[in-house]
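J.: Encoded as C-alpha coordinates, here's the structure I'll be asking about.
Numbering (the numbering used here), first residue to last: 1 to 181.
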(Lines of atoms letter the chains of each structure in order from A; the text may use other names.)
(Lines give C-alpha, C1' and ligand atoms only; values in the text may rest on other atoms or scores of the structure.)
Protein backbone atom coordinates (compact mmCIF):
# COMPACT_ATOMS: atom_id res chain seq x y z
CA UNK A 1 0.00 0.00 0.00
CA UNK A 2 1.28 3.46 -0.89
CA UNK A 3 1.35 5.82 2.07
CA UNK A 4 2.23 9.50 2.18
CA UNK A 5 5.52 10.56 3.78
CA UNK A 6 5.73 10.91 7.56
CA UNK A 7 7.14 14.43 7.15
CA UNK A 8 6.24 17.04 4.55
CA UNK A 9 8.44 20.14 4.43
CA UNK A 10 6.91 23.31 3.04
CA UNK A 11 8.14 26.83 2.50
CA UNK A 12 8.69 29.36 5.26
CA UNK A 13 9.41 26.95 8.09
CA UNK A 14 6.14 25.02 7.79
CA UNK A 15 6.37 21.29 8.45
CA UNK A 16 3.64 18.67 8.47
CA UNK A 17 4.70 15.74 10.63
CA UNK A 18 2.86 12.48 11.23
CA UNK A 19 1.22 12.88 14.61
CA UNK A 20 2.11 10.33 17.26
CA UNK A 21 0.01 9.39 20.27
CA UNK A 22 3.04 8.84 22.47
CA UNK A 23 5.22 11.69 21.27
CA UNK A 24 2.60 14.39 20.74
CA UNK A 25 -0.13 13.80 23.34
CA UNK A 26 0.92 16.44 25.88
CA UNK A 27 1.61 19.16 23.30
CA UNK A 28 -1.56 18.32 21.33
CA UNK A 29 -3.71 18.50 24.47
CA UNK A 30 -2.14 21.84 25.41
CA UNK A 31 -2.74 23.20 21.91
CA UNK A 32 -6.40 22.18 22.02
CA UNK A 33 -6.82 23.50 25.58
CA UNK A 34 -5.58 26.89 24.37
CA UNK A 35 -7.83 26.75 21.29
CA UNK A 36 -11.14 25.56 22.78
CA UNK A 37 -13.08 28.79 22.34
CA UNK A 38 -11.73 29.17 18.80
CA UNK A 39 -12.73 25.59 17.91
CA UNK A 40 -16.01 25.38 19.84
CA UNK A 41 -18.33 26.80 17.13
CA UNK A 42 -17.22 24.27 14.50
CA UNK A 43 -15.87 21.15 16.21
CA UNK A 44 -18.49 18.83 17.66
CA UNK A 45 -15.94 17.09 19.88
CA UNK A 46 -14.93 20.14 21.95
CA UNK A 47 -17.37 19.40 24.84
CA UNK A 48 -15.87 15.91 25.17
CA UNK A 49 -12.22 16.98 25.13
CA UNK A 50 -9.89 15.62 26.55
CA UNK A 51 -11.39 12.10 26.47
CA UNK A 52 -12.21 12.28 22.76
CA UNK A 53 -8.73 13.66 22.07
CA UNK A 54 -7.13 10.69 23.84
CA UNK A 55 -9.26 8.28 21.80
CA UNK A 56 -8.43 10.17 18.59
CA UNK A 57 -4.69 10.01 19.25
CA UNK A 58 -4.86 6.33 20.21
CA UNK A 59 -6.23 5.41 16.76
CA UNK A 60 -3.84 7.44 14.59
CA UNK A 61 -1.26 4.71 13.92
CA UNK A 62 -3.87 2.09 13.05
CA UNK A 63 -5.75 4.47 10.76
CA UNK A 64 -2.50 5.58 9.09
CA UNK A 65 -1.35 2.03 8.40
CA UNK A 66 -4.79 1.06 7.05
CA UNK A 67 -4.75 4.01 4.63
CA UNK A 68 -7.94 5.51 6.12
CA UNK A 69 -6.57 8.68 7.69
CA UNK A 70 -3.21 10.43 7.58
CA UNK A 71 -3.07 12.95 10.42
CA UNK A 72 -0.28 15.50 10.63
CA UNK A 73 0.84 17.96 13.25
CA UNK A 74 1.28 21.40 11.70
CA UNK A 75 4.53 22.95 12.93
CA UNK A 76 5.86 26.41 12.24
CA UNK A 77 9.58 26.71 12.93
CA UNK A 78 9.32 23.61 15.14
CA UNK A 79 6.34 24.80 17.23
CA UNK A 80 3.05 22.88 17.10
CA UNK A 81 0.36 25.26 15.78
CA UNK A 82 -2.40 22.95 14.50
CA UNK A 83 -3.33 19.70 12.83
CA UNK A 84 -4.47 18.52 9.43
CA UNK A 85 -5.32 15.28 7.68
CA UNK A 86 -6.04 13.45 4.45
CA UNK A 87 -8.83 10.91 4.81
CA UNK A 88 -11.51 8.96 3.07
CA UNK A 89 -14.80 10.25 4.41
CA UNK A 90 -17.53 7.77 5.27
CA UNK A 91 -19.59 7.06 2.17
CA UNK A 92 -17.15 8.81 -0.19
CA UNK A 93 -16.32 7.33 -3.57
CA UNK A 94 -13.09 5.35 -3.74
CA UNK A 95 -11.40 8.04 -5.85
CA UNK A 96 -12.16 10.91 -3.41
CA UNK A 97 -10.15 12.03 -0.40
CA UNK A 98 -11.04 14.85 1.93
CA UNK A 99 -8.65 17.12 3.76
CA UNK A 100 -9.26 18.93 7.00
CA UNK A 101 -7.28 21.41 9.07
CA UNK A 102 -7.41 23.57 12.17
CA UNK A 103 -5.03 26.06 13.75
CA UNK A 104 -4.38 27.59 17.14
CA UNK A 105 -5.98 31.07 17.04
CA UNK A 106 -2.56 32.76 17.31
CA UNK A 107 -1.50 30.99 14.10
CA UNK A 108 -4.43 32.14 11.95
CA UNK A 109 -4.39 34.85 9.31
CA UNK A 110 -0.88 34.14 8.01
CA UNK A 111 -1.59 31.59 5.29
CA UNK A 112 -0.54 28.53 7.31
CA UNK A 113 -3.80 26.64 6.70
CA UNK A 114 -3.59 27.39 2.99
CA UNK A 115 0.02 26.20 2.78
CA UNK A 116 -0.75 23.06 4.79
CA UNK A 117 -3.81 22.31 2.63
CA UNK A 118 -1.79 22.82 -0.56
CA UNK A 119 0.77 20.28 0.66
CA UNK A 120 -2.00 17.81 1.56
CA UNK A 121 -3.63 18.15 -1.85
CA UNK A 122 -0.31 17.36 -3.53
CA UNK A 123 0.15 14.29 -1.33
CA UNK A 124 -3.44 13.13 -1.83
CA UNK A 125 -2.99 13.17 -5.60
CA UNK A 126 0.14 11.03 -5.20
CA UNK A 127 -1.99 8.29 -3.63
CA UNK A 128 -3.08 5.64 -6.14
CA UNK A 129 -6.56 6.03 -7.55
CA UNK A 130 -7.27 9.47 -6.08
CA UNK A 131 -8.94 11.68 -8.70
CA UNK A 132 -10.61 14.31 -6.50
CA UNK A 133 -9.85 16.09 -3.25
CA UNK A 134 -12.58 17.78 -1.24
CA UNK A 135 -12.75 20.26 1.60
CA UNK A 136 -15.99 20.32 3.56
CA UNK A 137 -17.03 22.99 6.06
CA UNK A 138 -20.04 24.84 7.38
CA UNK A 139 -20.77 27.83 5.11
CA UNK A 140 -20.73 30.12 8.15
CA UNK A 141 -17.09 29.18 8.83
CA UNK A 142 -15.70 31.77 6.45
CA UNK A 143 -12.00 31.32 7.33
CA UNK A 144 -12.21 27.60 6.51
CA UNK A 145 -13.89 28.41 3.21
CA UNK A 146 -11.22 30.91 2.22
CA UNK A 147 -8.63 28.12 1.99
CA UNK A 148 -10.17 26.09 -0.86
CA UNK A 149 -11.07 29.29 -2.70
CA UNK A 150 -7.41 30.38 -2.61
CA UNK A 151 -6.26 26.96 -3.81
CA UNK A 152 -8.47 26.84 -6.91
CA UNK A 153 -11.13 24.45 -5.61
CA UNK A 154 -14.64 24.98 -6.92
CA UNK A 155 -17.85 24.80 -4.97
CA UNK A 156 -19.10 21.28 -5.65
CA UNK A 157 -22.25 20.79 -3.61
CA UNK A 158 -24.16 22.05 -0.61
CA UNK A 159 -25.91 19.39 1.42
CA UNK A 160 -28.04 19.33 4.54
CA UNK A 161 -26.41 17.85 7.64
CA UNK A 162 -27.26 17.43 11.27
CA UNK A 163 -26.27 20.38 13.43
CA UNK A 164 -23.69 18.97 15.84
CA UNK A 165 -21.65 22.03 16.86
CA UNK A 166 -22.87 25.41 18.14
CA UNK A 167 -21.94 27.34 14.97
CA UNK A 168 -23.39 24.82 12.53
CA UNK A 169 -26.08 26.03 10.15
CA UNK A 170 -27.30 22.56 9.17
CA UNK A 171 -25.53 22.68 5.83
CA UNK A 172 -22.14 21.54 4.56
CA UNK A 173 -20.36 23.27 1.71
CA UNK A 174 -18.17 20.86 -0.24
CA UNK A 175 -15.37 22.21 -2.41
CA UNK A 176 -13.62 19.97 -4.94
CA UNK A 177 -10.48 19.98 -7.01
CA UNK A 178 -9.70 17.25 -9.53
CA UNK A 179 -6.45 15.78 -10.70
CA UNK A 180 -5.35 17.30 -13.99
CA UNK A 181 -5.20 15.04 -17.02
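C-beta atoms are modelled at their ideal positions from N, C-alpha and C, and glycine is treated no differently.
These numbers come from a predicted model, not from an experiment.
#1: Can you name, in chain order, every residue of its own chain whose Cβ lies under 8 Å from the Cβ of residue 130, other than the five neighbours on each side?
#2: According to DSSP, is residue 162 helix, strand or coil?
#3: Taking the beta strand (DSSP E) that residue 17 belongs to, which residues open and close that run?
#4: DSSP state of residue 37, grouped into three classes?
#5: Is DSSP giving residue 10 helix, strand or coil here?
#6: Have a look at 118, 3, 102 and flag the residue whose alpha-carbon is nearest the alpha-carbon of residue 149.
#7: Rounded C-beta distance between residue 107 and residue 82? I'm assuming under 8 Å.
#8: Which one of 143, 110, 85 has the shortest CA to CA distance from residue 57?
#9: Does DSSP put residue 153 in a helix, a strand or coil?
#10: Just verifying my parser: in three-state terms, what is the DSSP assignment at residue 22?
#11: I need the boundaries of the beta strand (DSSP E) containing residue 71, first residue and last residue.
#12: Nearest to residue 48 by alpha carbon, out of 29, 63, 62?
T.: A quick look at the data gives this:
#1: Position 130 of the chain shown holds residue 130. Around residue 130: 95, 96, 97, 124, 179.
#2: Taking the chain shown and counting its residues from 1, the one referred to as residue 162 is at position 162. Coil at residue 162, not helix or strand.
#3: Looking up residue 17 in the chain shown gives position 17. Taken as a continuous stretch (DSSP letters only), the beta strand (DSSP E) holding residue 17 covers 14–18.
#4: Here residue 37 is taken as the residue at index 37 of the chain shown, counted from 1. Residue 37: helix per DSSP, three-state reduction.
#5: On the chain shown, residue 10 is found 10 positions in, with the first residue counted as 1. Looking at residue 10 - three-state DSSP - the assignment turns out to be coil, as it is neither helix nor strand.
#6: For this step, residue 149 is matched to residue 149 along the chain shown. It is 118.
#7: Here the question's residue 107 lines up with position 107 in the chain shown. Here the question's residue 82 lines up with position 82 in the chain shown. The Cβ separation is near 6 Å, so the contact holds.
#8: On the chain shown, residue 57 is found 57 positions in, with the first residue counted as 1. That would be 85, whose Cα lies nearest to the Cα of residue 57.
#9: Taking the chain shown and counting its residues from 1, the one referred to as residue 153 is at position 153. Correct three-state label for residue 153: coil.
#10: The residue labelled residue 22 in the question sits at position 22 within the chain shown. Reduced to three states, the DSSP call for residue 22 is helix.
#11: What you label residue 71 is simply residue 71 of the chain shown in a count that begins at 1. That run of the beta strand (DSSP E) goes 69–76.
#12: Here residue 48 corresponds to residue number 48 of the chain shown, with the count starting at 1. Residue 48 has its Cα closest to that of 29, out of 29, 63, 62.
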